[in-house]
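Trainee:
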Amino acid sequence: MNISEFERMKPKETYKEINDSIEKYKNYIREIDPIMDSADEALIDAYVEVLADLKLIKNKFTKGL
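Remember, this note's numbering sits 40 above the position in the sequence shown when you count from 1.
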């Protein structure tokens, strides 16, 4: 598949879902800040890890990998 064919057929709904998920986890992190207890800290750590994974997926998706 060449790049122009990918651009024509790219899955726009999937890209939107990735972006929406990234924003959702960013909002979760903002809502918990400041950290009040160890449970909050554990949630923040999990959200940060999920966010990093989503950004990696988005990066690969935009490169067509």
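We put the CB at the ideal spot given by N, CA and C, even for glycine.
By the 10 Å Cβ neighbour count, where 16 or more other Cβ atoms means buried, how is Leu96 classified, buried or exposed?
Mentor: Along the sequence shown, one-based indexing puts residue 96 at 56. Looking at its Cβ environment, which holds fewer than 16 other Cβ atoms inside 10 Å, Leu96 is exposed.
Trainee: For Lys66 versus Leu91, is the C-beta distance shorter than 8 Å?
Mentor: Residue mapping note: residue 66 aligns to position 26 of the sequence shown, counting from 1. Residue mapping note: residue 91 aligns to position 51 of the sequence shown, counting from 1. Yes, Cβ-Cβ distance for Lys66 and Leu91 is below 8 Å.
Trainee: Provide the residue span of the alpha helix (DSSP H) that contains Ile84, from first to last.
Mentor: Here residue 84 is taken as the residue at index 44 of the sequence shown, counted from 1. First-last of the alpha helix (DSSP H) with Ile84: Ser78 to Lys103.
Trainee: Which residues in the same chain have their Cβ closer than 8 Å to the Cβ of Ile58, if we skip the five residues on either side of it in sequence?
Mentor: Here residue 58 is taken as the residue at index 18 of the sequence shown, counted from 1. Excluding residues within five positions, the ones whose Cβ falls inside 8 Å are Leu94, Ile97, Lys98 and Phe101.
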